[in-house]
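K.L.:
If you're matching them up, the sequences are chains A and B in order. Sequential numbering from 31 applies to the first sequence in our numbering. Sequential numbering from 31 applies to the second sequence in our numbering. Can you read through this structure? Questions will come right after.
There are 2 protein chains.
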Amino acid sequence: MYNHSELKEVVDKALTNLSYNKEASRLTDPVKYVLSIGGKRLRPVLSLMTCNLFSDKIDEAVLPAIGLEIFHNFTLVHDDIMDNAPVRRSFPTVHAKWDANQAILSGDVMAFVANDCVLQAPPDKLLKVFRVYNKAAIEVCVGQQLDIDYEKASIVTQDEYLRMIELKTAVLIAAAVKTGAIIGGGDDRDSELLYEFGRNLGLAFQVQDDLLDVWGDTRVFGKTQGGDIVANKKTYPFVKAMETAAGRQAKQLQALYSGSESDPDTKVRKVIELYEQLNLREITETLAYDYINKAFGFLQKVSVDEARKKEMTNLAISLIGRDH
Amino acid sequence: MYNHSELKEVVDKALTNLSYNKEASRLTDPVKYVLSIGGKRLRPVLSLMTCNLFSDKIDEAVLPAIGLEIFHNFTLVHDDIMDNAPVRRSFPTVHAKWDANQAILSGDVMAFVANDCVLQAPPDKLLKVFRVYNKAAIEVCVGQQLDIDYEKASIVTQDEYLRMIELKTAVLIAAAVKTGAIIGGGDDRDSELLYEFGRNLGLAFQVQDDLLDVWGDTRVFGKTQGGDIVANKKTYPFVKAMETAAGRQAKQLQALYSGSESDPDTKVRKVIELYEQLNLREITETLAYDYINKAFGFLQKVSVDEARKKEMTNLAISLIGRDH
């Protein structure tokens with residue numbers, strides 16, 4: 031079996047070896063740029079790891095897994111235009127380095143490069159694999175729409191927020207896991223169990239991400255503490271706080287998110303104080319753990335020897351355990 | 031066999047009956063809007079007409095044909111952002127009616143709705159059909175990039191221009207025709223001949239479009255005469271003029287395209303005068319006819335009874351014959 035870092039190497043190599051249409055380098059330069067910057071490669075690594083649960087041969091799963099990574103990066107390129115974000119993973123975003131039109135068009139071509147990769151799935155599994163991918167792709171767009179809508183909305187419920195992150199983040203992780211299962215030879219039951227594993231893992235991952243923005247350690251995790259708070263992002267702690275706070279606290283939080291405090295450090299401190307009065311660290315941690323436990327529950331039911339699941343379990347723990 | 035208007039009806043009905051994810055109407059409203067505005071539906075009609083060459087049953091070809099139309103409209107939504115175009119087909123563009131971010135995201139989801147439609151191809155032909163579609167999709171992006179690049183370039187050669195319109199317009203028409211052939215049961219030779227028919231038809235169509243902007247009749251064709259000239263668009267007559275003009279004429283044309291004449295009517299008149307000195311009406315017409323004749327040459331070789339080709343021939347003539 032392959033371990034995590036071997037799989038990441040397989041993924042990085044496949045991404046490097048991709049060939050592109052040579053007629054318009056201005057179109058593909060931003061694509062190569064984005065894909066060279068890296069990141070965890072979580073989706074393709076998980077996809078290959080899942081394939082590897084069922085089969086010692088993973089090569090048929092590589093290009094479809096890469097396809098999902100390219101799709102993911104396509105959404106980042108376009109989301110960064112919409113969010114007007116100048117930097118991602120410490121590098122200038124495509125629209126900042128080139129311009130918005132270039133980011134639209136180079137993003138667009140990535141969707142079809144992703145298609146090309148998914149089309150390399152074994153022909154007898156192509157329809158199944160492509161349907162799983164494409165369903166997730168549409169759901170990710172819906173998730174991004176809800177994210178935009180909720181940014182403008184005055185009230186977002188906990189349920190709405192969780193559904194939004196499910197669509198925007200969790201379903202693609204789930205699809206990556208499921209396509210790996212299908213290509214590896216998992217049956218329908220196992221593929222579905224693994225989809226649910228991925229979905230819950232993705233939810234845990236996103237809730238944990240929200241948690242780390244407030245209570246993470248900047249030195250270790252590289253994120254500025256309170257960045258979401260400064261940007262008035264409606265994260266899980268915020269949404270939950272608005273749902274549970276008493277009148278005065280809710281008003282205070284709303285005011286802080288509406289610009290009542292001009293100094294960002296003071297704003298972050300005051301919001302965190304409110305969160306702590308409402309016991310939100312524990313509530314958020316508990317939610318992340320609930321999801322991860324659900325994820326493990328699904329993984330456990332998969333009809334594969336427990337020994338083969340070890341790498342997957344470790345990856346899941348490492349994802350959620352960054353804070354501990 | 032189906033006639034042109036029956037096929038258009040089939041296409042319009044299938045587009046109307048498409049179902050969408052219901053969770054984010056803000057995402058799909060612009061999609062429905064764009065697809066309801068209509069247009070000739072040239073690509074799906076040609077696709078079904080080609081299927082109908084080989085088979086009396088066309089229903090398996092309907093959704094893939096619709097997929098290509100949705101892809102085409104996706105490119106229009108994004109191109110209109112890049113061109114900052116306020117109106118298309120007499121209606122406000124998506125980014126004008128909503129905003130640029132909405133046009134990016136609703137455009138994006140159309141790419142995956144298109145995938146969903148192409149995935150409905152008969153399973154035994156899916157891989158072939160999807161590859162034809164996806165190759166064209168990537169080429170259209172390359173064509174749009176070249177179009178953007180050439181707009182900024184001081185000199186564009188005739189060959190560069192023709193390759194650009196081939197990628198931006200002709201290959202998708204060719205792909206529409208070819209997918210219809212594959213699904214209808216045409217063999218590889220006939221499918222390739224029909225691809226070439228579509229490619230040459232697409233080239234003829236675009237060159238004719240450039241011609242009509244200069245010498246078309248506004249009352250009949252609904253386009254403002256000289257719109258491309260006012261917008262400094264590098265059309266075939268312009269590119270060819272720059273390639274064939276003597277020094278003084280070339281300088282004059284360059285100056286007119288660089289803003290030396292502030293009154294648009296005078297500018298259009300002067301550019302057309304130059305074109306006529308260079309015999310460009312005849313040269314452009316001849317080129318369009320060369321392409322249409324090549325197209326018919328390929329169609330003729332297709333191993334299908336000539337009587338079955340009549341509707342296709344008529345459609346091709348009507349496309350190119352708008353001026354006569």
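The beta carbon of each residue, even a glycine, is placed where N, CA and C say it ideally should be.
Do you know offhand how far D353/A's Cα is from W245/A's?
P.N.:
For D353/A, the pLDDT reaches just 39, beneath the cut-off of 50, and the residue's location in the model is therefore unreliable, leaving the point undetermined.
K.L.:
Near G97/B, what residues of its chain come up, given a Cβ to Cβ distance below 6 angstroms and the 5 sequence neighbours on each side ignored?
P.N.:
So the qualifying residues of the chain are A144, C147 and V148.
K.L.:
List the residues of chain A whose Cβ lies closer than 7 angstroms to the Cβ of Q175/B, in chain order.
P.N.:
The answer, in chain order, is A54, R56, L57 and L135.
K.L.:
If distances are taken between C-alpha atoms only, which option among Q284/B, A206/B and E53/B comes closest to D179/A?
P.N.:
Among Q284/B, A206/B and E53/B, the Cα nearest to that of D179/A belongs to E53/B.
K.L.:
Is the beta carbon of L78/B less than 8 angstroms from the beta carbon of I88/B?
P.N.:
Yes, the pair counts as a contact, with Cβ atoms nearer than the cut-off.
K.L.:
Which chain A residues sit within Cβ distance under 8 angstroms of V172/B?
P.N.:
Within chain A, the residues near V172/B are N51, E53, A54, L57 and V139.
K.L.:
Given a cut-off of 8 angstroms, decide if I134/A and M112/B are closer than it, judged by their beta-carbon atoms.
P.N.:
Yes, they are a contact pair.
K.L.:
According to DSSP, is P152/A helix, strand or coil?
P.N.:
The answer is coil: DSSP assigns P152/A none of H, G, I, E or B.
K.L.:
Could you give the distance in angstroms between the alpha-carbon of Q174/A and the alpha-carbon of M194/A?
P.N.:
Their backbone Cα atoms lie some 8 angstroms apart in a straight line.
K.L.:
When you compare the region 266 to 273 of chain A with the region 181 to 193 of chain A, are there three or more beta-carbon pairs, one atom per stretch, that lie closer than 8 angstroms?
P.N.:
These segments touch.
K.L.:
Work out the CA separation of I100/B and L349/A for me, nearest whole Å.
P.N.:
Each residue's alpha carbon lies about 39 angstroms from the other.
K.L.:
I'd like to know whether the C-beta of P153/A is nearer than 8 angstroms to at least one C-beta of chain B.
P.N.:
By this cut-off, P153/A is an interface position.
K.L.:
Have a look at S290/B and Q284/B and give me their C-alpha separation to the nearest angstrom.
P.N.:
Cα to Cα, the separation comes out at about 9 angstroms.
K.L.:
Round the Cβ separation of V201/B and R161/B to the nearest angstrom and send it over; I've been treating them as touching at under 8 angstroms.
P.N.:
Wrong, their Cβ atoms sit about 13 angstroms apart, outside the cutoff.
K.L.:
Please check if any C-beta of chain B sits within less than 8 angstroms of the C-beta of L149/A.
P.N.:
Chain B contact via Cβ: present.
K.L.:
Closer than 6 angstroms by C-beta to V334/A: which residues in its own chain qualify, once you throw out the five before and the five after it? Chain order, please.
P.N.:
Answer for V334/A: L83, listed in chain order.
K.L.:
Taking the C-alpha atoms as reference points, what is the distance between L217/B and E169/A?
P.N.:
Looking at the sequence shown, residue 217/B is not Leu but Asp. If you take the alpha carbons of D217/B and E169/A, they lie about 37 angstroms apart.
K.L.:
Using CA atoms only, rank isn't needed, just tell me which of A115/A, L242/A, Y63/A and V92/A is closest to G351/A.
P.N.:
Closest by alpha carbon: L242/A.
K.L.:
Using a C-beta to C-beta distance shorter than 9 angstroms, which residues of chain B count as neighbours of R161/A?
P.N.:
Result: D146 and L149.
K.L.:
So for V117/B, helix, strand or coil by DSSP?
P.N.:
Here V117/B sits in strand by DSSP.
K.L.:
State yes or no: is the C-beta of V237/A within less than 8 angstroms of the C-beta of T314/A?
P.N.:
Cβ atoms of V237/A and T314/A: closer than 8 angstroms.
K.L.:
How big is the Cα-Cα spacing for K270/A and A166/B?
P.N.:
Roughly 47 angstroms between the two C-alpha positions.
K.L.:
Within 8 angstroms of any Cβ in chain A, is that where the Cβ of A115/B sits?
P.N.:
Not closer than 8 angstroms to any Cβ of chain A, the Cβ of A115/B fails to qualify, so no.
K.L.:
CB-CB under 7 angstroms to K155/A, same chain, minus the five flanking residues each way: which ones, in chain order?
P.N.:
I212 and I213.
K.L.:
Would you say L156/B lies against chain A (beta-carbon separation less than 8 angstroms)?
P.N.:
Yes, L156/B counts as interfacial toward chain A.
K.L.:
For L223/B, which option in V332/B, D86/B and A126/B has the closest C-alpha, if you only look at C-alpha atoms?
P.N.:
Nearest option by C-alpha distance: V332/B.
K.L.:
Considering only residues of the region 180 to 210 of chain B, which uninterrupted alpha helix (DSSP H) runs meet the minimum length of 4 residues and lie entirely inside it, listed in chain order?
P.N.:
188 to 195, all fully within the region 180 to 210 of chain B.
K.L.:
Of the choices A204/A, L157/A, L345/A and P152/A, whose alpha-carbon is the least far from that of P153/B?
P.N.:
Of the candidates A204/A, L157/A, L345/A and P152/A, the one whose C-alpha sits nearest the C-alpha of P153/B is L157/A.
K.L.:
Kindly indicate which residue of L76/B, V64/B and N51/B has the alpha-carbon position closest to the one of V117/B.
P.N.:
When only C-alpha atoms are compared, the closest one is V64/B.
K.L.:
Straight-line CA distance for T274/A to L308/A?
P.N.:
So the two alpha carbons sit approximately 8 angstroms from each other.
K.L.:
Return the residue from the list G257/A, N262/A and P294/A that minimises the CA-CA distance to A183/A.
P.N.:
Minimum Cα distance to A183/A is reached at N262/A.
K.L.:
Determine the extent of the alpha helix (DSSP H) in which A9/B is found, giving its start and end residues.
P.N.:
For chain B, the structure presents residues 31 to 354; residue 9/B sits outside this window and is missing.
K.L.:
Excluding the 5 residues preceding and the 5 following V75/B in the sequence, name in chain order all residues of the same chain whose CB lies nearer than 7 angstroms to its CB.
P.N.:
Excluding positions up to five away in sequence, the list reads H34, L37, K38 and V41.
K.L.:
I'd like to know if F425/A contacts chain B, where contact means its C-beta is closer than 8 angstroms to some C-beta of that chain.
P.N.:
The first residue shown for chain A is 31 and the last is 354, placing residue 425/A beyond what the model contains.
K.L.:
Beta carbon of L106/B, beta carbon of A44/B: below 8 angstroms?
P.N.:
Taking 8 angstroms as the Cβ cut-off, L106/B and A44/B do not qualify as a contacting pair.
K.L.:
Does the CB of D189/A have a neighbour CB from chain B at under 8 angstroms?
P.N.:
With 8 angstroms as the cut-off, D189/A does not count as an interface residue toward chain B.
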